[in-house]
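From first to last, the protein sequence lines are chains A and C. Residues in the first sequence are numbered consecutively from 1, following my numbering. Residues in the second sequence are numbered consecutively from 115, following my numbering. For glycine and all other residues, C-beta sits at the position ideal for the given N, C-alpha and C. This structure is a prediction, so every number in the text was calculated from the model and none was measured. See below for the structure under consideration.
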Amino acid sequence: DAGVIQSPRHEVTEMGQEVTLRCKPISGHDYLFWYRQTMMRGLELLIYFNNNVPIDDSGMPEDRFSAKMPNASFSTLKIQPSEPRDSAVYFCASSLPGRQETQYFGPGTRLLVL
Amino acid sequence: AQSVAQPEDQVNVAEGNPLTVKCTYSVSGNPYLFWYVQYPNRGLQFLLKYITGDNLVKGSYGFEAEFNKSQTSFHLKKPSALVSDSALYFCAVRDMANTDKLIFGTGTRLQVFP
Numbered sequence: 001d002a003g004v005i006q007s008p009r010h011e012v013t014e015m016g017q018e019v020t021l022r023c024k025p026i027s028g029h030d031y032l033f034w035y036r037q038t039m040m041r042g043l044e045l046l047i048y049f050n051n052n053v054p055i056d057d058s059g060m061p062e063d064r065f066s067a068k069m070p071n072a073s074f075s076t077l078k079i080q081p082s083e084p085r086d087s088a089v090y091f092c093a094s095s096l097p098g099r100q101e102t103q104y105f106g107p108g109t110r111l112l113v114l
Numbered sequence: 115a116q117s118v119a120q121p122e123d124q125v126n127v128a129e130g131n132p133l134t135v136k137c138t139y140s141v142s143g144n145p146y147l148f149w150y151v152q153y154p155n156r157g158l159q160f161l162l163k164y165i166t167g168d169n170l171v172k173g174s175y176g177f178e179a180e181f182n183k184s185q186t187s188f189h190l191k192k193p194s195a196l197v198s199d200s201a202l203y204f205c206a207v208r209d210m211a212n213t214d215k216l217i218f219g220t221g222t223r224l225q226v227f228p
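This is the structure we're talking about:
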């Protein structure tokens, strides 16, 4: 298996633009997590899904952020409009049924908002 | 609220020497505890977990962790450090009271010198 796949790996955009991050979880995994990592705030859980249903979105910073999981093999995290403080590395992770604590992380998307 | 604390931002150790990365926890009930490692420009990787049973848990790459209930600690250890162990290490606890998500510590950077 190729592991968790994230795209793009790097994104540079200007303030106010829409940003869409994509994730393909490992086949057979039914949990999907979105995290954000910054030097100032460390690793933060933004939202997670189980069987394509959002379970906990309490970490989503504000209405500018939205996440979807239309099917078991694809998820998106959208920021609209983007702001410089959104600059971070965004990770997607997935895990097997009943094993949500053992998470497999993707390589991350490094986002820079100018 | 469930939480973990990593009191050291950085740990330096010489290659071949034993290493310890500290973690303390605060939970209600029995803790589910984890260690993850992050190599440069990579996502996190699962190292080991404590659910129940033996207080000494063995994990990947020769790492082990000792669960100590009286001291509410879960320190990560390795008898002989390698330069390749240099990475960022995260302790985590499963938030059993709130959707079972993982709560990560702030991370400890381990630097192993030749």
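Residue i and residue j closer than 8 Å at C-beta
i	j	result
residue 200/C	residue 159/C	no
residue 84/A	residue 64/A	no
residue 196/C	residue 122/C	no
residue 95/A	residue 29/A	yes
residue 146/C	residue 207/C	yes
residue 21/A	residue 77/A	yes
residue 198/C	residue 132/C	no
residue 216/C	residue 14/A	no
residue 172/C	residue 180/C	no
residue 3/A	residue 104/A	yes
residue 140/C	residue 117/C	yes
residue 204/C	residue 221/C	yes
residue 17/A	residue 92/A	no
residue 219/C	residue 107/A	no
residue 231/C	residue 56/A	Examination of residue 231/C is not possible in this model, given that chain C is present from 115 through 228 alone.
residue 223/C	residue 124/C	yes
residue 187/C	residue 138/C	yes
Residues bridged to residue i (per DSSP)
i	result
residue 164/C	147/C
residue 54/A	49/A
residue 206/C	148/C, 218/C
residue 179/C	171/C, 190/C
residue 75/A	23/A
residue 106/A	Note: residue 106/A sits in no beta bridge, so no partner.
residue 252/C	Residue 252/C is absent from the model: chain C starts at 115 and stops at 228.
residue 223/C	124/C, 202/C
residue 35/A	45/A, 91/A
residue 113/A	13/A
residue 117/C	140/C
residue 67/A	77/A
Beta-carbon proximity list for residue i, same chain, < 7 Å, skipping 5 on both sides
i	result
residue 36/A	44, 46, 88, 90
residue 111/A	11, 19, 86, 87, 88, 90
residue 8/A	109
Nonlocal neighbours in the same chain, by C-beta distance under 8 Å from residue i, ignoring five residues either side
i	result
residue 73/A	24, 25, 27
residue 54/A	47, 48, 67, 69
residue 166/C	144
residue 152/C	158, 159, 201, 202, 203, 204, 221
Beta-carbon proximity list for residue i, same chain, < 6 Å, skipping 5 on both sides
i	result
residue 51/A	30
residue 148/C	163, 206
Could you list the residues in the segment 21-48 of chain A with a C-beta less than 7 Å from some C-beta on chain C, going in chain order?
42, 43, 45, 48
Check distances from the C-beta atoms of the segment 133-163 of chain C to those of chain A and list, in chain order, the residues that come in under 9 Å.
146, 148, 150, 152, 155, 156, 157, 158, 159, 160, 163
Scan the segment 52-81 of chain A for residues whose Cβ lies nearer than 9 Å to a Cβ of chain C and list them as they occur along the chain.
55, 56, 58, 59
Short-range partners of chain C found in the segment 98-114 of chain A, where Cβ spacing is below 9 Å:
100, 101, 102, 103, 104, 105, 106, 107, 108, 110
Using a Cβ-Cβ cutoff of 7 Å, what residues of the segment 214-227 of chain C are near chain A? List them in chain order.
214, 215, 216, 218, 220, 221
Interface residues of the segment 172-201 of chain C facing chain A [CB-CB below 8 Å]:
none
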